[in-house]
Amino acid sequence: MKQTASDKQRGWMLLDTTGDVPSPRKSSTLVYHDGCLYLFGGNYKEKCLNDFYKYDIKSRCWSQIVVKGKIPSARDRHSLTLVNEESLVLFGGFGGEQEFLNDLWSFDIKSKTWTLLPEQGSIPSPRLFFFFF
1 MKQTASDKQR GWMLLDTTGD VPSPRKSSTL VYHDGCLYLF GGNYKEKCLN
51 DFYKYDIKSR CWSQIVVKGK IPSARDRHSL TLVNEESLVL FGGFGGEQEF
101 LNDLWSFDIK SKTWTLLPEQ GSIPSPRLFF FFF
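Residues in the sequence shown are numbered consecutively from 1, following UniProt numbering.
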């Protein structure tokens with residue numbers, strides 16, 4: 001399946017990918033770690049998503065990540081960041097139906113487990129379209 005834009009003048013090339021290819025989407029997050037891209041959530045046909053995928057750059061193969069336990073609610077316009085080469089941290093976003101989010105989650109890459117981090121101290125207000133690193 002063809003997944004990227006092609007523009008030879010600018011150095012882009014069209015990649016053939018295999019596997020469990022995610023649906024088209026907007027306002028999702030994509031993070032690089034150890035030869036793979038991690039894709040979380042976003043919006044498809046005006047519906048927020050909470051699906052989670054990994055793309056192996058070398059094999060050009062997509063796979064949906066099967067996680068253990070609870071998972072973050074569906075959202076778009078959130079932030080996802082790699083921390084200490086071991087986990088991804090997700091914050092905020094928009095959950096649809098005028099639901100602005102300020103929850104904080106951690107994903108352990110090895111155990112494939114999401115953890116809702118406890119609220120401590122001064123909690124930031126809900127945020128959209130931002131990033132942190």
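Each residue gets a CB set at the ideal place from its N, CA and C atoms; glycine is no exception. If you're wondering where the values come from, they're calculated on a predicted model, not measured in any experiment.
Check                                                                                                                                                        : Outcome
Using CA coordinates, which residue listed in Gly19, Leu128, Ile65 and Trp12 is at the minimum distance from Gln98?                                          : Leu128
Nearest CA to the CA of Lys70: which residue from Asp108, Val31, Asp76 and Ser27?                                                                            : Asp108
Evaluate contact between the stretch 54-66 and the stretch 77-92, counting only Cβ atoms and requiring at least three cross-stretch pairs below 8 angstroms. : no
Roughly how many angstroms separate the alpha carbons of Gly121 and Phe91, rounded to a whole number?                                                        : 16 angstroms
Where does Leu101 land, buried or exposed, given buried means 16+ other C-beta within 10 angstroms?                                                          : buried
Are the beta-carbon atoms of residue 207 and Glu119 separated by less than 9 angstroms?                                                                      : Residue 207 lies beyond the residue range present for the chain, which begins at 1 and ends at 133; the question has no answer from this structure.
Can you round the beta-carbon distance between Cys61 and Gly35 to whole angstroms, since I take them to be within the 8 angstroms contact cut?               : Incorrect: roughly 12 angstroms between the Cβ atoms, too far for contact.
So, under 8 angstroms CB-CB, Cys48 and Gly95 are touching, yes? Tell me the CB distance rounded to an integer number of Å.                                   : 6 angstroms
Looking at C-alpha atoms only, which residue of Lys58, Pro24 and Ser125 is the closest neighbour of Lys45?                                                   : Pro24
Can you tell me which of Asp56, Ser27 and Gly93 puts its alpha carbon nearest to the alpha carbon of Asp16?                                                  : Asp56
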